[in-house]
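Trainee: Input: one structure, supplied below.
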Amino acid sequence: MIPQTRALLARHLPGYEVRSLTVLGEGLDNLAYEVNGELVIRMSKDPAGRGEAIRREAELLAVVAEWSTLPVPEPVFADVEAGALAYRKLPGLPLNEHPVAQPERLAATLGGFAGRLHQTPVDRVANLVERDTYPLTSWRQDAERDYEQIVGYMPASARRLVEDFLGRTPPAEPPALRFCHNDLGAEHVLVDVEANTVTGVIDWGDAALADPVRDLALIYRDLGPEVFDLALAHDQGDWDEAGRERAVFYARCRLIEDIVYGVTTGARQYADAALAHLAWTFA
Numbered sequence: 001m002i003p004q005t006r007a008l009l010a011r012h013l014p015g016y017e018v019r020s021l022t023v024l025g026e027g028l029d030n031l032a033y034e035v036n037g038e039l040v041i042r043m044s045k046d047p048a049g050r051g052e053a054i055r056r057e058a059e060l061l062a063v064v065a066e067w068s069t070l071p072v073p074e075p076v077f078a079d080v081e082a083g084a085l086a087y088r089k090l091p092g093l094p095l096n097e098h099p100v101a102q103p104e105r106l107a108a109t110l111g112g113f114a115g116r117l118h119q120t121p122v123d124r125v126a127n128l129v130e131r132d133t134y135p136l137t138s139w140r141q142d143a144e145r146d147y148e149q150i151v152g153y154m155p156a157s158a159r160r161l162v163e164d165f166l167g168r169t170p171p172a173e174p175p176a177l178r179f180c181h182n183d184l185g186a187e188h189v190l191v192d193v194e195a196n197t198v199t200g201v202i203d204w205g206d207a208a209l210a211d212p213v214r215d216l217a218l219i220y221r222d223l224g225p226e227v228f229d230l231a232l233a234h235d236q237g238d239w240d241e242a243g244r245e246r247a248v249f250y251a252r253c254r255l256i257e258d259i260v261y262g263v264t265t266g267a268r269q270y271a272d273a274a275l276a277h278l279a280w281t282f283a
């Protein structure tokens, strides 16, 4: 897709000199390129199916920038036909690849970010994101199916914990939906490793009206219960024990999902990280 990317740059940024163009990463739906160390271009693998979603995401980012307490991508251009979105590269490195020495120092920032984001007026985003009301019973069924694929990769000591979780009744459904990033994993949190600070949040393609504890659930999965509890204290949401129970439930389902993704796609860094976090996620 590199020739297509160059053509996009020529069309939308005439006269812009391309000194370097490298592949930044690849997911199930997109390829990302870095240009001159200053731009990121995300290209959909299915432009016909994702073009309109690209337009909505560009509009959404303008709303998010008003409410976010952290830097978010600033669109430079959105090409609906090509399924491409370009934005200025944010400073920092992905937290999943560059862990900080004191992750607990990130908790206040992440909790405050999530709390402010969840206050975004629903009418500002209702036409730009989906309502994600996937039932918790279906989450558990998906986790059961996923577990069957990766049980052989699980340490024997962890299997009992996972199987005990899968045998329980899921928590009650959330009482209300809020605007969420909806995929606030460590791979989408940028950090200054030396300063031990968060520098931005990227990848808003899954943003939705959803259960707000989902954002905090991935903090639990990726950074542990201690950081989660500290973040929750700074979220300023009206959380009760039921909300915490749902957060842990989502964290466990998403961890199983990450192992499957890493094993089946060859993206072993996701599986390895999930396996490393098994103990605290299922404690």
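Under UniProt numbering, the first residue of the sequence shown carries the number 1, and numbering increases by one thereafter. Beta carbons: idealized from backbone N, C-alpha and C, even for Gly. Since we're looking at a predicted model, the values are computed, not measured.
Identify, in the order they occur along the chain, each residue of the same chain with its Cβ nearer than 6 Å to the Cβ of residue 284, setting aside the five sequence neighbours on each side.
Mentor: Shown here, the chain extends from 1 to 283; a query on residue 284 therefore has no answer.
Trainee: Around the C-beta of residue 190, are 16 or more other C-beta atoms found within 10 angstroms, so that it is buried, or is it exposed?
Mentor: In this structure residue 190 is buried. Its beta-carbon is surrounded by 16 or more other beta-carbon atoms within 10 angstroms.
Trainee: DSSP three-state call for residue 74: helix, strand or coil?
Mentor: DSSP places residue 74 outside both helix and strand once states are collapsed to three, so it counts as coil.
Trainee: Would you call the stretch 74-86 in contact with the stretch 165-178, where contact means no fewer than 3 C-beta pairs closer than 8 Å?
Mentor: No, the stretch 74-86 does not touch the stretch 165-178.
Trainee: CB residue 123 to CB residue 8, shorter than 8 Å?
Mentor: no
Trainee: From the DSSP secondary-structure annotation, give me the bridge partner or partners of residue 94.
Mentor: 190
Trainee: Would you say the stretch 220-238 touches the stretch 114-121, given that touching needs at least three Cβ pairs under 8 Å?
Mentor: yes
Trainee: Only counting the same chain, and skipping five residues up and downstream in sequence, which positions put a Cβ closer than 6 Å to that of residue 256?
Mentor: Result list for residue 256: 143, 146, 147, in chain order.
Trainee: Comparing C-alpha positions only, which one of 75, 135, 38, 152 sits nearest to residue 91?
Mentor: 38
Trainee: Who does residue 39 pair with in a DSSP beta bridge?
Mentor: 35, 88
Trainee: Along the chain, which unbroken stretches of the beta strand (DSSP E) at least 3 residues long are found entirely within the stretch 202-255?
Mentor: Fully enclosed beta strand (DSSP E) runs of no fewer than 3 residues occupy 208-210 of the stretch 202-255, in order along the chain.
Trainee: Assuming residue 284 contacts residue 59 (C-beta within less than 8 Å), just tell me the rounded distance between them.
Mentor: Since the first residue of the chain shown is 1 and the last is 283, residue 284 is not available in this structure.
Trainee: Looking at C-alpha atoms only, which residue of 53, 68, 27 is the closest neighbour of residue 200?
Mentor: 68
Trainee: Going by beta-carbon coordinates alone, are residue 216 and residue 247 separated by less than 8 Å?
Mentor: Cβ atoms of residue 216 and residue 247: closer than 8 Å.
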